[in-house]
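Remarks on the structure that follows.
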Amino acid sequence: MSTEAALAIDLGGTELRAALVDRDGKILAFAAVPTQAQAGPDVVIGQIEALAATVHAEAPGLAIVGVGVGAPGPLDPLAGIAVGPPTLAGWQDVPLADILERRLGLPVRLENDANAAALGEWRFGAGHGARSLVFVTVSTGIGGGVVADGRILHGRRGLAAEIGHMTITNEGERCVCGVVGCFEAIASGTALGRRANAATSAFDGSTLRRLSANAEVTGRHVVEAARLQDDLALALLEEEARWLGVGFTNLLHLYSPDVLVVGGGIANGLDLMHPVIEATIRQRAMRAYRDVPVVQAQLGRHAGLVGAASLVLFDDGSLAARMPVGPSTFPEARRDFNG
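Structural data, given as structure tokens:
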């Protein structure tokens, strides 16, 4: 009997990734290529087809039950439409799920990439066993997803939990969205790197500039320098932890999760920031919210793929409603869209 698996797609503006994932969240095959993000949807969808064939060739004996796609928002997960992701040129109201269903001959579920990562961590990672979870990714920007009572919280048009654009101050740099004071503009890895660059200069002999080879300092360099006990980096990371604590307090009050999971590149420094984050939450949160654990994500860069796969491996019934097809294997699907 063939092992059941899902084809998972992580559609990013920089990299397009595909995997075959089983019901235990194990990745059985994996492939990735640079996304031709400026070439339009037809070209990128062709890339998805090619990657699907590549990963299937690595594990041809699997019974593929469906396709889960994590993609940048805004998108409508129920209709399966990419509304207009800013990192993909020409993607305006693209019915991605319907297109892939026709070409691959398999049912398709589309989900916001941050929601997919949240789902992956909830089902197989740091949030396993929790009923509710808030997932926060802190890297170039700040994104996240919410699992509430065992389901992804979508809100109107699937736009819920755009947590990076909570206003947490009325000062600071202007966010890419045009507003001053967004969580993302204050506490992202980009914001941390910006503060580090302002505090140093090329060839000044600082640890931060040495680690960056006297180029731009990133949040990753700040974490590395802090682990070397560099005073400036430790001070920068302490400020970062305070801002994260402010944002996390808001999320605890809004969603009341069982656990708050932190991913992204800056999460690699969570152990260094944890005492200040906890102190900030204790200072700002109402008593009932102070005991929620803040933990590091466990699935790393594969969280989105594993979560996208779980959309079809643990379907709630909406998948069957989208495309009432019988069991399919990928070779049959390839014959379908190749004629």
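If you count the sequence shown from 1, position 144 lands on 144 in full-length UniProt numbering, and the numbers rise without skipping.
Just so you know, even glycine gets a beta-carbon here, dropped at the ideal spot from N, CA and C.
Model, not experiment: these values are computed from the prediction.
Per DSSP, cross-strand counterpart(s) of residue i
i           : result
residue 248 : Per DSSP, none; premise fails for residue 248.
residue 112 : 71
residue 82  : 75, 94
residue 27  : 21
residue 63  : 4
Alpha carbon of residue i to alpha carbon of residue j, nearest angstrom
i           : j           : result
residue 223 : residue 39  : 36 Å
residue 15  : residue 313 : 24 Å
residue 113 : residue 204 : 40 Å
residue 80  : residue 69  : 10 Å
residue 209 : residue 49  : 43 Å
residue 125 : residue 233 : 30 Å
residue 32  : residue 256 : 36 Å
residue 229 : residue 77  : 45 Å
residue 275 : residue 239 : 12 Å
residue 56  : residue 315 : 22 Å
residue 106 : residue 211 : 47 Å
residue 156 : residue 111 : 14 Å
residue 206 : residue 213 : 11 Å
residue 317 : residue 215 : Residue confidence for residue 317 is low, a pLDDT of 48 falling below 50, so the modelled location carries little weight and cannot support an answer.
residue 47  : residue 288 : 49 Å
residue 236 : residue 195 : 8 Å
residue 84  : residue 41  : 11 Å
residue 97  : residue 10  : 13 Å
Element boundaries [beta strand (DSSP E), containing residue i]
i           : result
residue 263 : 259-263
residue 4   : 4-11
Selection from the options that minimises the alpha carbon distance to residue i
i           : options         : result
residue 271 : 294, 286, 250   : 294
residue 27  : 82, 86, 120     : 120
residue 61  : 309, 290, 3     : 3
residue 173 : 226, 288, 192   : 192
residue 54  : 43, 7, 72       : 7
residue 63  : 20, 86, 10, 116 : 20
residue 74  : 58, 143, 25     : 143
Where the alpha helix (DSSP H) through residue i begins and ends
i           : result
residue 45  : 41-58
residue 186 : 183-187
residue 303 : 303-313
Cβ-heavy atom distance, residue i to the ligand HEM, below 8 Å
i           : result
residue 181 : Within the structure as shown, the ligand HEM is missing, as the structure has no ligands at all.
9 Å Cβ cutoff, residue i in contact with chain D
i           : result
residue 217 : The structure shown contains no chain D; it holds only a single protein chain.
Whether or not the stretch 82-90 and the stretch 132-146 are in contact is what I'm after, with contact meaning three or more pairs of Cβ atoms, one per stretch, closer than 8 Å; do they touch? The stretch 132-146 makes no contact with the stretch 82-90: fewer than 3 CB pairs, one atom from each, lie closer than 8 Å.
Contact between the stretch 212-232 and the stretch 251-268 is defined here as three or more beta-carbon pairs at a separation below 8 Å; is this criterion met? With the cut-off at 8 Å, the stretch 212-232 and the stretch 251-268 touch.
The stretch 144-155 touching the stretch 173-183, judged by at least three CB pairs closer than 8 Å: At 8 Å Cβ cutoff, the stretches do not touch.
Any contact between the stretch 276-284 and the stretch 238-245? By contact I mean 3 or more CB pairs, one from each, below 8 Å. With the cut-off at 8 Å, the stretch 276-284 and the stretch 238-245 touch.
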